[in-house]
Amino acid sequence: MKTVSLVFFMLIISACSQWTPKPWVKAHERELLSSPIMSLERDPVSSKYMNHVYESREAARGAEGSSGGGCGCN
Amino acid sequence: MKQREEQRVVPGVVVAVTKLRITLFFAAAFTVIYSPFCLGAILPEQRADILYHAYDGGGVTIDGPSVLVRKNFNEKISVYGNYYVDMVTSASIDVLTMASEYTEERTEYSLGADYLNDRTIMSLSFTNSSENDYEADTLGFSVSQEFFGDLSTITMGFSMGDDTVKATGADGFEEATERKRFNIAYTQILSKRLLTSLTYESVIDEGFLRNPYRQIRDASGFITPGAALPCEDNDSGVSVGSECYPETRNSEAFALRGIYAITPQSSIRAEYRLYDDSWGVQGSNVELRYAQQIGSRWLIEFRYRQYQQNEADFYGDLFDFSMEIPEFYARDKELSDYSAQQFGIGVTYTFKSRNAFFNNSTLNFQWDQMTFDYNNFLDATVTTVTPGTEPSYSLDADVIRIFYSAFF
Numbered sequence: 001m002k003t004v005s006l007v008f009f010m011l012i013i014s015a016c017s018q019w020t021p022k023p024w025v026k027a028h029e030r031e032l033l034s035s036p037i038m039s040l041e042r043d044p045v046s047s048k049y050m051n052h053v054y055e056s057r058e059a060a061r062g063a064e065g066s067s068g069g070g071c072g073c074n
Numbered sequence: 075m076k077q078r079e080e081q082r083v084v085p086g087v088v089v090a091v092t093k094l095r096i097t098l099f100f101a102a103a104f105t106v107i108y109s110p111f112c113l114g115a116i117l118p119e120q121r122a123d124i125l126y127h128a129y130d131g132g133g134v135t136i137d138g139p140s141v142l143v144r145k146n147f148n149e150k151i152s153v154y155g156n157y158y159v160d161m162v163t164s165a166s167i168d169v170l171t172m173a174s175e176y177t178e179e180r181t182e183y184s185l186g187a188d189y190l191n192d193r194t195i196m197s198l199s200f201t202n203s204s205e206n207d208y209e210a211d212t213l214g215f216s217v218s219q220e221f222f223g224d225l226s227t228i229t230m231g232f233s234m235g236d237d238t239v240k241a242t243g244a245d246g247f248e249e250a251t252e253r254k255r256f257n258i259a260y261t262q263i264l265s266k267r268l269l270t271s272l273t274y275e276s277v278i279d280e281g282f283l284r285n286p287y288r289q290i291r292d293a294s295g296f297i298t299p300g301a302a303l304p305c306e307d308n309d310s311g312v313s314v315g316s317e318c319y320p321e322t323r324n325s326e327a328f329a330l331r332g333i334y335a336i337t338p339q340s341s342i343r344a345e346y347r348l349y350d351d352s353w354g355v356q357g358s359n360v361e362l363r364y365a366q367q368i369g370s371r372w373l374i375e376f377r378y379r380q381y382q383q384n385e386a387d388f389y390g391d392l393f394d395f396s397m398e399i400p401e402f403y404a405r406d407k408e409l410s411d412y413s414a415q416q417f418g419i420g421v422t423y424t425f426k427s428r429n430a431f432f433n434n435s436t437l438n439f440q441w442d443q444m445t446f447d448y449n450n451f452l453d454a455t456v457t458t459v460t461p462g463t464e465p466s467y468s469l470d471a472d473v474i475r476i477f478y479s480a481f482f
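Chains Y and E, in that order, are what the protein sequence lines are.
For the first sequence, position 10 (counting from the first letter as 1) is numbered 10 according to the working numbering, and the numbering increases by one without interruption.
So the mapping is simple: the working numbering equals the position in the second sequence, first residue as 1, plus 74.
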């Protein structure tokens, strides 16, 4: 049983060293990702305001990145 | 043999030890495998923004400025301050059916700091929001960690808010609300052109959660003007036929976002968000954005967003209290069944010239047109028909943002 476990463990280690994912986008390949058109939210003040509009007009809240209190929505 | 006997006697302990070993193994493996590829994180860029915002729709006009300044020190610490104002003039359908037009102002101050240590950014923030009948303080903390050669980022955040609710015209009225938020976000670079993000946020609200002014409609006439409904919130004496809400609301939201570079000058961003809360509201939204760089100075963006939700368990447009008064009842159109559509366009112009204060700057104009179609919130301003047979309410709104951003 010990031998089987050892062989199985060695197989896993062997597989890991071969199949372990490595960072596939190098630093020098990220020029496009750093472009303004590739930002999920380019302008924090502008995005925060729109999230405030949504949170005031919709029941849904959360997972949008807004913070702060108050409503201004009566 | 002895070991096997012990395993039979305490199988739970053995299973626990085995699970612990597996966990430790994977934790160690994870650390060993990934740590050599980790590079340093960077602080948010230094910038100053001056924004004018305006919302106009449904009889409500809200506009005002927002100013943000962020400054970094020694490439380790970044601090920022944000000043924001809402100037509100409201003749919304709620106001028209229950009261008269009013104006008010909300002022919000935010201060925050980020500390960078190798691949970790720790952030602390404080926000105060103040208006004549509402005061809110929020304290937030978050930790962000980059790993896997900077291709992956995990961010965890927690915030606590203490709100004080007052009511104009009722000097003795003051109620408290506590808000807690926990969020976790995972961002992954999938290719040279594709970035994705998965976010989860849980919100817990406790205390006074309704609007002290809004009233329900009773078809039977059982509730007469001046009567206080048998709701525990009504002890204050300001509630005249007012709503009655639970004192707790728990919600969860998941969001999946992705942005893909179609060409070096254009990208498309997609978002899907799912929402669910303990009041029975389930909602979702999808959003698509297309951004196009034109030359080195112009950037235009087109947006489309769709949102829909169902009604809360205790929502009703028209109640009949002659037979039974429910435990909770509300007539907030934001808790009704409705959908919203939004189209938007944005234009950004970049000034490349450097001066003594900043490297470059941008001038931005963003316009959005929103349409809300309420399925079971009726237009009670129509008084020529029998209550309950009014047309469904809908509203259009224009949202404008004009801002100047300087980067230094």
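Backbone N, C-alpha and C fix where the C-beta goes; we use that ideal spot for every residue, glycine too.
Excluding the 5 residues flanking it on each side, D279(E) has same chain C-beta neighbours closer than 6 Å at R253, R323, in chain order. Nearest Cα to L330(E) within the set I258(E), E182(E), D123(E): I258(E). Contact annotation for I474(E) against chain Y: no contact, minimum CB-CB distance about 10 Å [criterion: below 7 Å]. According to the DSSP secondary-structure assignment, D245(E) is paired through a beta bridge with no residue. Any Cβ of chain E closer than 8 Å to the Cβ of S34(Y) would place that residue at the interface, and such an atom is absent. When CB distances to chain Y are screened at a threshold of 8 Å, the residues of the stretch 316 to 341 of chain E falling below it are S325, E326, A327, F328, A329, R331, I333, A335, P338, Q339, S340, S341, in chain order. In the structure shown, the three-state DSSP call for A27(Y) is helix.
When beta bridges are read from the DSSP output, P139(E) appears opposite Y126(E).
Assignment of Y54(Y) by DSSP, reduced to helix, strand and coil, places it in the helix class.
Between I368(E) and chain Y, the shortest Cβ-Cβ separation is not below 8 Å. The stretch 217 to 224 of chain E and the stretch 242 to 256 of chain E do not touch, with fewer than three beta-carbon pairs separated by less than 8 Å. Under the 8 Å criterion on CB atoms, V143(E) is classed as non-interfacial with respect to chain Y.
As DSSP reads the structure, T270(E) sits in a beta bridge with Q262(E), G332(E). At the C-beta level, I333(E) and L40(Y) come within 8 Å of one another. When the beta-carbon positions are compared, L117(E) and D188(E) come within less than 8 Å of each other. In summary, the residues of the stretch 394 to 412 of chain E whose CB is separated from some CB of chain Y by less than 8 Å are E408, L409, in the order they occur in the chain. Looking only at A480(E), V473(E), S370(E), the smallest Cα-Cα distance to G132(E) is reached by V473(E).
For T238(E), the closest Cβ of chain Y is not nearer than 8 Å. Residues of chain Y with a Cβ closer than 9 Å to the Cβ of R267(E) are, in chain order, L32, L33, M38.
The beta carbon of G214(E) sits closer than 6 Å to the beta carbons of S199, S233 from its chain, once the five residues preceding and following it are set aside; these are given in chain order. By the neighbour-count criterion, in which 16 or more other beta carbons inside 10 Å mark a residue as buried, P338(E) falls on the exposed side. The three-state secondary structure of V162(E), taken from DSSP, is strand. Legend: CB atoms of the stretch 269 to 280 of chain E lying less than 8 Å from CB atoms of chain Y belong to residues L269, S271, T273, Y274, E275, S276, V277. For M196(E), the uninterrupted beta strand (DSSP E) run begins and ends at 194 to 205, by DSSP.
Under the three-state reduction of DSSP, D168(E) is assigned to helix. Under the three-state reduction of DSSP, L409(E) is assigned to helix.
Residues of the stretch 217 to 238 of chain E that bring their beta carbon within less than 8 Å of a beta carbon in chain Y comprise F222, G223, D224, L225, S233, G235, D237, in sequence order. The C-beta distance from S218(E) to T194(E) rounds to 7 Å, short enough to fall under 8 Å.
The secondary-structure analysis by DSSP pairs E317(E) with nothing; it has no beta-bridge partner. For E361(E), the uninterrupted beta strand (DSSP E) run begins and ends at 356 to 368, by DSSP.
The shortest CA-to-CA distance from C318(E) to any of R347(E), S325(E), L283(E), A344(E) is the one to L283(E).
Three or more Cβ pairs closer than 8 Å define a contact, and the stretch 260 to 274 of chain E meets that threshold against the stretch 21 to 35 of chain Y.
By the rule that beta-carbons nearer than 8 Å mark a contact, S479(E) touches chain Y. Restricting attention to R288(E), D137(E), V355(E), R144(E), the CA atom closest to the CA of D43(Y) is found in R144(E). One thing to note: F481(E) has its Cβ within 8 Å of the Cβ of F432(E). Around the Cβ of I290(E), a 10 Å sphere holds 16 or more other Cβ atoms; the residue is buried.
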